[in-house]
Structure formats: structure tokens, C-alpha cells
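To keep things clear, I will list the structure first and then write my remarks on it.
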Amino acid sequence: MLYTKKGDNGTTKLFNCPQGTRVRKSELVFEALGTVDELNCMLGYTKVLARNAKQMLFMKTIKVSYENILEKTQQALFLVQAELGGSPIHIKSDHISYLEDVVFEVETVLPPINSFIIYGGGQVGAYLDLSRAVARRAERLVIAVFEKQNQSIHSNTFKFLNRLSSALYALARYANYEEGYTEKKPDYK
Numbered sequence: 001m002l003y004t005k006k007g008d009n010g011t012t013k014l015f016n017c018p019q020g021t022r023v024r025k026s027e028l029v030f031e032a033l034g035t036v037d038e039l040n041c042m043l044g045y046t047k048v049l050a051r052n053a054k055q056m057l058f059m060k061t062i063k064v065s066y067e068n069i070l071e072k073t074q075q076a077l078f079l080v081q082a083e084l085g086g087s088p089i090h091i092k093s094d095h096i097s098y099l100e101d102v103v104f105e106v107e108t109v110l111p112p113i114n115s116f117i118i119y120g121g122g123q124v125g126a127y128l129d130l131s132r133a134v135a136r137r138a139e140r141l142v143i144a145v146f147e148k149q150n151q152s153i154h155s156n157t158f159k160f161l162n163r164l165s166s167a168l169y170a171l172a173r174y175a176n177y178e179e180g181y182t183e184k185k186p187d188y189k
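For the record, in the sequence shown the residue sitting at position 150 is 150 according to UniProt numbering, with numbers rising by one throughout.
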């Protein structure tokens, strides 16, 4: 059944709620959970675009599809959601290392960034840019849940969300590069 009617009054439960306790859906933790879910949806759509465009990245001499990179990232986002929901599971160090490897591989190909760039280019790059912006919002909200609601959040989760936006930015740049788009700086006129 896709509905239980238990949330019709604006409440729901988290993993760590005492028996019979319900929480208002307006709590900040649900804004964070919803934003991580939104990000996961965006990555799912980007994954489809990348599959159709056959986007690839060499990682340690092995060609890895953007589809695989994004799916691995989606799997990790479910860990973030579980932790926000009160589960004891959380992001591991290897999730962070993987994102760092993605950034490293892109940085070996593309020139360093020395200014802001105008977003866009191809479809995959554009959706990765949009996903990066949502990842930053998710990061801010998870930090707010930690600070304002005193919810325990593992330090790896903060690191992962920070690296995630960097990895999405790197992947967007690389996708646009592979499709022949030239990066443009804002002219500030």
C-alpha cells in the first residue's frame, strides 16, 4: 500500500522515535531529507541523460561510465537519508575517497579553475550543474539539522556532501569538455 493515512495530520516517524511518538513534518530534518531525495531524483535523471550520451570518465586507467558513477552516488545518498532519519548507518570513508578520485581524474585532464564559469553546455553538464546546486543546499540543511536540532550526524556525512558538490562540478565540466563546449567566464559588465 502506498499510503497508510497515518501522516494525514502532518506527522510522521523517524527510525529513532520512541514507540508511538510522531514528529511534525514541518521539522527541519524533513526539509533536509526532502532535499537529499530531490538531489537523488536529479541524479537519476542525469544518469539517464549520461547513459544516452554514453558519457565516460577514465578512473585509474579504467573507463567508468557516468551512469555508474552517478548510481554509486545515489546509493550513498540513501545512507545520508537513513542517518537523517535516525538510523545508526552512515557514510563511510570509502564513499568520500571515491568522490575525491572522481575530482582528481577530471583535474588531470582539464585546466585548473581560476574564475567562475557560466553554467550550461550540454544536457548532462547542465543537469550536473543543477544537481551541484541542490547538493550544496542539502549540505547546508544537514548542517542546520545538526546545529539547530542537535541531531547526531557523523563527520563523514559532512565531508561526503562537501565532496559531492565538488565531484558534480568536476563531472559537469568534463561532460561539457567531452561534448566540445568551451567554458565561458562571466564578463561582470
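Note that beta-carbon positions come from the ideal geometry of N, C-alpha and C, so glycine has one too. Computed from a predicted model, the values in this text were never measured in an experiment.
Residue i versus the options, residue with shortest Cα-Cα distance
i: residue 192; options: T11, E183, Y181 and A172; result: As shown, the chain starts at 1 and ends at 189. That puts residue 192 outside it, with no answer to give.
i: P88; options: N176, T157 and S166; result: T157
i: H90; options: Y188, I153 and R22; result: I153
i: Q75; options: Y174, M59 and H95; result: H95
i: E183; options: S115, V134, R163 and L161; result: S115
i: S165; options: Y177, V36, S26 and E147; result: V36
i: K72; options: M59, Q81 and Y98; result: Y98
i: Y45; options: G34, S26 and L70; result: L70
i: K185; options: Y119, L110 and E27; result: Y119
i: L33; options: R163, A82 and N9; result: A82
i: Y177; options: I117, R22 and L161; result: I117
i: R22; options: E31, A135, T11 and N52; result: T11
i: E179; options: R132, G121 and D187; result: G121
i: F15; options: Q151, E139, L57 and T108; result: Q151
Range covered by the beta strand (DSSP E) that runs through residue i
i: L57; result: M56 to M59
N-terminal and C-terminal residue of the alpha helix (DSSP H) that residue i is part of
i: K63; result: Not the alpha helix (DSSP H): K63 falls in the beta strand (DSSP E), residues I62 to S65.
i: F15; result: First-last for F15: undefined, no H or E at that position.
i: S97; result: S93 to V109
i: N162; result: S155 to E178
i: Y127; result: Q123 to K148
Backbone secondary structure at residue i - three-state DSSP
i: R22; result: coil
i: M42; result: helix
i: T73; result: helix
i: N114; result: coil
i: Y188; result: coil
i: D8; result: coil
i: G34; result: helix
i: residue 190; result: For residue 190 there is no data in the structure shown, the boundaries of the chain being 1 and 189.
i: Q81; result: helix
i: L2; result: coil
Buried versus exposed call for residue i [16 or more other C-beta atoms within 10 Å across all chains shown]
i: K47; result: buried
i: T4; result: exposed
i: D129; result: buried
i: N40; result: buried
i: Q149; result: exposed
i: V145; result: buried
i: Y174; result: buried
i: M42; result: buried
i: R147; result: Inspection of the sequence shows that residue 147 is occupied by Glu rather than by Arg. By the 10 Å Cβ count, E147 comes out exposed.
i: V142; result: buried
i: L161; result: buried
i: L77; result: buried
**Prompt:** Do the segment 103–111 and the segment 122–136 make contact, defined as three or more Cβ pairs closer than 8 Å?
**Reply:** no
Take every Cβ of the segment 57–67, pair it with every Cβ of the segment 76–87, and state whether three or more of those distances are shorter than 8 Å. no
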